[in-house]
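First to last, the sequence lines map onto chains A and B. One point on numbering: in this note's numbering, the residue at position 200 of the first sequence is 200, and numbering is uninterrupted. Position in the second sequence (from 1) plus 264 gives the number in this note's numbering.
2 protein chains.
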Amino acid sequence: MGFIMIGERINGMFKDIGEAVAKFDPKPIQDWAIKQTEKGAHYLDVNVGPTAEDRVKSMRWMCEVIQEVCDTPLCLDSTNYDAIEAGLEVCKKPALINSCPAERPKIERVFPMAKKYGAGIVALTMDKSGIPKSADMRVAFAMELVAAADEFGLSPEDLFIDPLILPCNVAQDHAPEVLETLRQIKNLSDPPPRTTLGLSNVSQNTLDRPLINRIYCVMAIVAGLDSAIMDVDDDALVDAIATADMLLNRAIYCDSYAKVFRQR
Amino acid sequence: MGFIMIGERINGMFKDIGEAVAKFDPKPIQDWAIKQTEKGAHYLDVNVGPTAEDRVKSMRWMCEVIQEVCDTPLCLDSTNYDAIEAGLEVCKKPALINSCPAERPKIERVFPMAKKYGAGIVALTMDKSGIPKSADMRVAFAMELVAAADEFGLSPEDLFIDPLILPCNVAQDHAPEVLETLRQIKNLSDPPPRTTLGLSNVSQNTLDRPLINRIYCVMAIVAGLDSAIMDVDDDALVDAIATADMLLNRAIYCDSYAKVFRQR
């Protein structure tokens, strides 16, 4: 289906969403659900944010109010797996679980839950010891995750492996390692796992964030990136992705190819 | 040294340059030589254009008047090898010869000339039968060119192999083949040959040429592109290249990395 865009905006870390979650005010959340859907998002990330008092209750409520205004699938984003399960219970379409590291017992909690609800998993190439620098170590974690998918009756394609990009101004040497990781992940299994990135991380605290986001996204697509958690309201970014898709011959060129891309 | 930008603008196909060549008026040529150098060009392409009466005389004169105003190395662009040799005779710095296909007797004319004048060669992955579609056939031509370099006492690094990108609106399936060709060329020899592209070709007759140029350039850099014959006056294109260079960890991040890139 071409590149999968996961809209990042419904996250309590943003002030308007954080306040909406605190007050159980659906309007800002629903507005962003509609806007991101109109901009072409294939999934909407849903994160209650750091200040929510009851993450289980907040996640379920957010999923409910979003689904009142659109039927875009959801990507449930929390470190609290009870909150994720509360969301999965009310999701009308197959969702994504965001996220699971390559670490027991988290795998044992998340992978069976994904199987039960028909959900995909954003699976991270890290464990308790943190994010490794080298592509080789990241790929080793990816291999564990693919093996775990098999163990729990999931397809490699149910995994969206995230090799975890860090800000280029503090961990610049990670950027090419993540590209190499993406290349290798695509050779891990047949069918290969899918891949994703929390794209906006690459540009944290840099001067021209949109430029760095869109150039790195294009570079990652060439290396094997299938999707990103991203700012779908950044038109230049979506244009860049649409252009890369077309130049890889995955969508036929026409003068309005970027518009067609958003309407898939 | 990072990505090599070859300024495309001093070409008789452009109206102002064509007229300047016809009248032997140095001003427009010198203006573009200075402007492209200021924009960060590492080489200036020099093409007398299709209307020049005496290509040998015009090429020599163009090289002379450009070198009156800047010392940027030249990329002598002609299918007339006597014109190229006339340019090489007056070049003060090692030049590039643009271009030579994988075809005898052209190789026998160009490669010894490159050796004699210490010039590099833009070497095309094609022969009399034209441009092949598949990466494999393009790479086969690249192998012939690398073998010819060895035969005539040149290093693989003296070659700038050009896998020949075609307009995406008429030959879209070539675009990913060219990326694959770039990847394979980089594994042909140690040291590998260098690579280049006539970048603006990819967007001929499309609606948003600068967008397609810069996205394809970034994609090609990830695949192994070392240089391009390009519009160095396109600031967004140069910013994209500078950003890709930084994200490949080839230049250290600082807030002014794009400015630093232009001043290398």
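We put the beta carbon where it would ideally sit given N, CA and C, even for glycine.
Check: Exposed or buried, what is Met13 (chain A) when buried is set at 16 or more other beta-carbons lying within 10 Å of its beta-carbon?; Outcome: exposed
Check: In angstroms with no decimal places, state the Cα-to-Cα distance between Ser68 (chain A) and Gly266 (chain B).; Outcome: Correcting the residue type first, residue 68 (chain A) is Glu in the shown sequence and not Ser. Whole-angstrom Cα-Cα distance: 52 Å.
Check: Between the alpha carbons of Phe152 (chain A) and Lys116 (chain A), how many angstroms are there, rounded?; Outcome: 10 Å
Check: Mind listing the chain B neighbours of Val265 (chain A)? Cutoff is C-beta to C-beta under 7 Å, in chain order.; Outcome: Outside the shown range of chain A, which is 1 to 264, sits residue 265 (chain A), and nothing can be said about it.
Check: Tell me whether Tyr517 (chain B) sits in a helix, a strand or coil according to DSSP, three-state version.; Outcome: coil
Check: Chain A beta carbons: is any one of them nearer than 8 Å to that of Met510 (chain B)?; Outcome: yes
Check: Can you name the residues of chain A whose CB is closer than 9 Å to the CB of Asp426 (chain B)?; Outcome: None at all; the shortest Cβ gap to chain A is about 18 Å.
Check: Which stretch, first to last residue, makes up the alpha helix (DSSP H) that contains Asp414 (chain B)?; Outcome: Ala399 to Glu415
Check: Please state whether the Cβ-Cβ distance between Arg425 (chain B) and Ala406 (chain B) is less than 8 Å.; Outcome: Strictly speaking, residue 425 (chain B) in this sequence is Ile, with Arg absent from that position. In contact: Ile425 (chain B) and Ala406 (chain B) (Cβ atoms closer than 8 Å).
Check: In the DSSP assignment, find the alpha helix (DSSP H) that holds Asn465 (chain B) and state where it starts and stops.; Outcome: No alpha helix (DSSP H) contains Asn465 (chain B), which DSSP labels as neither H nor E.
Check: Distance check for Val312 (chain B) and Ala175 (chain A), CA to CA, integer angstroms please.; Outcome: 42 Å
Check: Report the residue from B:Pro290, B:Glu302 and B:Ala284 whose alpha carbon sits nearest the alpha carbon of Val502 (chain B).; Outcome: B:Glu302
Check: What residues of chain B sit near Ala240 (chain A), judged by a beta carbon separation below 7 Å?; Outcome: Ile479
Check: Check the Cβ of Asn187 (chain A) against every Cβ in chain B and list those closer than 9 Å, keeping chain order.; Outcome: None at all; the shortest Cβ gap to chain B is about 14 Å.
Check: Identify the residues that DSSP records as bridge partners of Thr195 (chain A): which are they?; Outcome: A:Ile161
Check: Helix, strand or coil: how does DSSP classify Cys168 (chain A) here?; Outcome: coil
Check: Candidates A:Lys23, A:Leu164, A:Ser189 and A:Leu207: which alpha carbon is nearest Leu154 (chain A)'s?; Outcome: A:Ser189
Check: To the nearest angstrom, how far is it from the Cα of Asp45 (chain A) to the Cα of Gly87 (chain A)?; Outcome: 12 Å
Check: Short of 7 Å in beta carbon distance, which residues of its chain neighbour Lys35 (chain A), apart from the five on each side in sequence? Order them along the chain.; Outcome: Asp233
Check: Considering only DSSP beta bridges, list what Leu96 (chain A) is partnered with.; Outcome: A:Cys75 and A:Gly120
Check: Cutting at 6 Å between CB atoms, please list the residues of its own chain near Val56 (chain A), excluding the five before and the five after it.; Outcome: Asp82, Ala83 and Ala86
Check: Rounded to the nearest angstrom, what separates Arg402 (chain B) and Pro427 (chain B) at their Cα positions?; Outcome: 7 Å
Check: Taking Ala347 (chain B) as part of the beta strand (DSSP E), name the residues at either end of that continuous run.; Outcome: Not the beta strand (DSSP E): Ala347 (chain B) falls in the alpha helix (DSSP H), residues Tyr345 to Val354.
Check: From which residue to which residue does the alpha helix (DSSP H) around Ile476 (chain B) run?; Outcome: Arg473 to Ala487
Check: Since Gly394 (chain B) sits in a beta bridge, which residues does DSSP pair it with?; Outcome: B:Asp391
Check: Measuring only between beta-carbons, confirm whether Leu475 (chain B) sits less than 8 Å from chain A.; Outcome: yes
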